[in-house]
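Undergrad:
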Amino acid sequence: MHPTRRTLTLALALPAAMASLLGAAPARPASDPVATGTDRHDPKPTIVLVHGAFADASSWSGTIRRLQHVGYPVLAPANPLRGLAADTAYLRSVLAAVDGPVVLVGHSYGGAVISGAAMGDSRVKALVYIAAFTPDKGESAAELAAKFPGSTLGDTVNPRPYPLPGGGTGTELVIERAKFHQQFAADVPTADAAVMAATQRPVATTALEEKSGEAAWKTIPSWALIGTADKNIPPAAQWWMAQRAGSHITEVDASHAVAVSRPAVVTHVILAAARATR
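Heads up, the sequence shown stops at 279 in this note's numbering, and the numbers go up one at a time, no gaps.
1) Compare the Cα-Cα distances from Thr229 to each of Ala118, Ala187, Asp193 and report the closest residue.
2) With a cut-off of 8 Å, do at least 3 Cβ pairs link the region 254-271 to the region 217-229?
3) In the structure shown, what three-state DSSP assignment does Ile271 receive?
4) What is the rounded straight-line gap between the Cα of Pro166 and the Cα of Ala87?
5) To the nearest angstrom, how far is it from the Cα of Arg202 to the Cα of Ala195?
6) What first and last residue would you give for the alpha helix (DSSP H) that runs through Ser262?
7) Based on the DSSP secondary-structure assignment, which residues constitute the bridge partners of Ser223?
8) What does a CB cutoff of less than 6 Å around Thr278 pick up in its chain, not counting 5 residues either side in sequence?
9) Give the range of the alpha helix (DSSP H) segment to which His108 is assigned.
10) Could you please give me the residues that DSSP links to Pro162 through a beta bridge?
11) So what does Leu76 bridge to, in DSSP terms?
12) Taking the DSSP output, what are the residues bridged to Ala205?
13) Give every residue of the same chain whose Cβ lies closer than 8 Å to the Cβ of Ile221, excluding the five residues on either side of it in the sequence, and list them in chain order.
14) Rounded to whole angstroms, what is the Cα-Cα separation between Pro74 and Glu144?
15) Evaluate Pro190 with the Cβ neighbour count: other Cβ atoms within 10 Å of its Cβ, from every protein chain shown; 16 or more gives buried, anything less gives exposed.
16) Taking the CB atoms as reference points, tell me whether Arg66 and Ala208 lie closer together than 8 Å.
17) Around the Cβ of Glu173, are there at least 16 other Cβ atoms within 10 angstroms (buried) or fewer (exposed)?
18) List the endpoints of the continuous alpha helix (DSSP H) containing Thr200.
19) Can you grab the Cα-Cα spacing for the pair Gly247 / Phe185, in whole Å?
20) So what's Ala277 in DSSP terms, helix, strand or just coil?
21) If Thr157 sits next to Asp57, beta carbons under 8 Å apart, how far is it from one beta carbon to the other, in whole angstroms?
22) What residues in its chain sit with their C-beta under 6 Å from that of Phe1, if we drop five residues either side in the sequence?
23) Could you work out which residue in Pro102, Val49, Ile115 is closest to Glu215 when comparing CA atoms only?
24) To the nearest angstrom, how far is it from the Cα of Ala274 to the Cα of Pro78?
25) Is the beta carbon of Gly101 sitting closer than 8 Å to the one on Pro44?
26) Output the distance between the C-alpha atoms of Leu22 and Val99, rounded to the nearest integer angstrom.
27) So what does DSSP say about Leu154, is it helix, strand or coil?
28) Consult DSSP for Asp88 and reduce its assignment to one of helix, strand or coil.
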């Protein structure tokens with residue numbers, strides 16, 4: 002376990018966050034590597050962005066534009082959301098096709114997926130947890146979400162059956178469309194949240210209940226972004242997991258959909274991780 006690192010407050014993120022709401026990358030001096038697209042060393046790592054439950058890869062759009070603007074290669078695969086071991090194996094297959102160093106970023110349940118997928122992969126130089134689970138071996142997303150009070154997700158989801166590939170029936174969860182905005186993305190404009198609700202990816206209950214394997218954050222440096230208005234994963238749970246992992250912690254006033262509502266802040270944290278590991 003890494004020693005607890007310096008906790009960051011994001012007073013500097015307010016102008017960046019405002020810029021993100023206006024749909025533009027934050028203005029920076031021409032000498033800043035973020036503005037010029039230059040950095041201290043080459044090659045830049047590939048940033049691999051893994052979405053979580055009730056979302057899809059498009060939730061990273063604002064972050065992807067900013068990272069590409071400064072010259073980072075980016076990949077945002079579709080997370081199957083069908084089982085932790087299966088989703089982790091799938092992400093490993095995605096990483097196998099990436100050349101060079103990698104910064105692995107996970108949102109929500111995606112945090113559990115990146116924690117397993119990075120095990121044994123020396124090319125993964127940093128892990129970034131965005132409003133995410135940071136499980137240890139033997140822990141599930143469901144039990145970590147219930148470890149501290151504050152999650153209201155259980156009151157907003159509906160179970161529904163789906164066919165399993167080998168036969169039989171599984172159960173997946175979706176957030177009720179009428180409740181999606183306030184539960185998942187309260188700081189996202191209503192029209193955008195309605196689109197997110199319509200395109201949400203259901204998650205199998207087995208994915209949330211399955212126990213994690215060995216945790217890569219024990220050997221790989223990690224960063225964490227915590228949204229203080231998160232209604233899916235209690236902020237207290239995120240703090241507890243991030244401190245246990247020895248992550249560099251950044252806090253921002255945001256919902257669980259922080260990648261959509263605060264892409265500039267998310268990009269700031271990812272770039273900090275990318276630069277620190279080069």
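Glycine included, C-beta positions come from ideal geometry on N, C-alpha and C.
TA: In terms of the structure at hand:
1) Per the Cα distances, Ala187.
2) Judged by Cβ distances under 8 Å, the region 254-271 makes contact with the region 217-229, as three or more pairs qualify.
3) Of the three classes helix, strand and coil, the one that applies to Ile271 here is helix, per DSSP.
4) Whole-angstrom Cα-Cα distance: 13 Å.
5) Cα to Cα, Arg202 sits roughly 14 Å from Ala195.
6) That run of the alpha helix (DSSP H) goes 259-262.
7) Looking at the DSSP output, Ser223 shares a beta bridge with Leu128.
8) Listed in chain order, the non-local C-beta contacts of Thr278 below 6 Å within the same chain comprise Lys126, Ala127, local neighbours out to five positions each way being set aside.
9) Per DSSP, His108 lies in no alpha helix (DSSP H) segment; the continuous beta strand (DSSP E) that holds it begins and ends at 103-108.
10) Pro162 pairs with Thr172.
11) Its beta-bridge partners are Val49.
12) Paired residue(s): Glu173.
13) So the list reads Ala119, Val125, Lys126, Ala127, Leu128, once near-sequence residues are dropped.
14) As the crow flies, the alpha-carbon of Pro74 is around 35 Å from that of Glu144.
15) Exposed is the call here.
16) No. Outside cutoff.
17) So Glu173 counts as buried.
18) Per DSSP, Thr200 is one residue of the alpha helix (DSSP H) stretching across 191-200.
19) Distance between the alpha carbons of Gly247 and Phe185 is about 27 Å.
20) In this structure, DSSP gives Ala277 a helical state, which the three-state scheme calls helix.
21) That pair is no contact at about 18 Å.
22) No statement about residue 1 is possible, as the shown extent of the chain runs from 2 to 279 and does not include it.
23) If you compare the alpha carbons of Pro102, Val49, Ile115 with that of Glu215, the shortest gap goes to Ile115.
24) Rounded to the nearest whole angstrom, the C-alpha separation of Ala274 and Pro78 is 20 Å.
25) Against a cut-off of 8 Å, the Cβ pair of Pro44 and Gly101 comes out as a contact.
26) Low confidence applies here, because Leu22 scores a pLDDT of 33, under 50, leaving its location unreliable and the question unanswered by this model.
27) Leu154 falls in the helix class under three-state DSSP.
28) Judged by DSSP in its simplified three-state form, Asp88 adopts helix.
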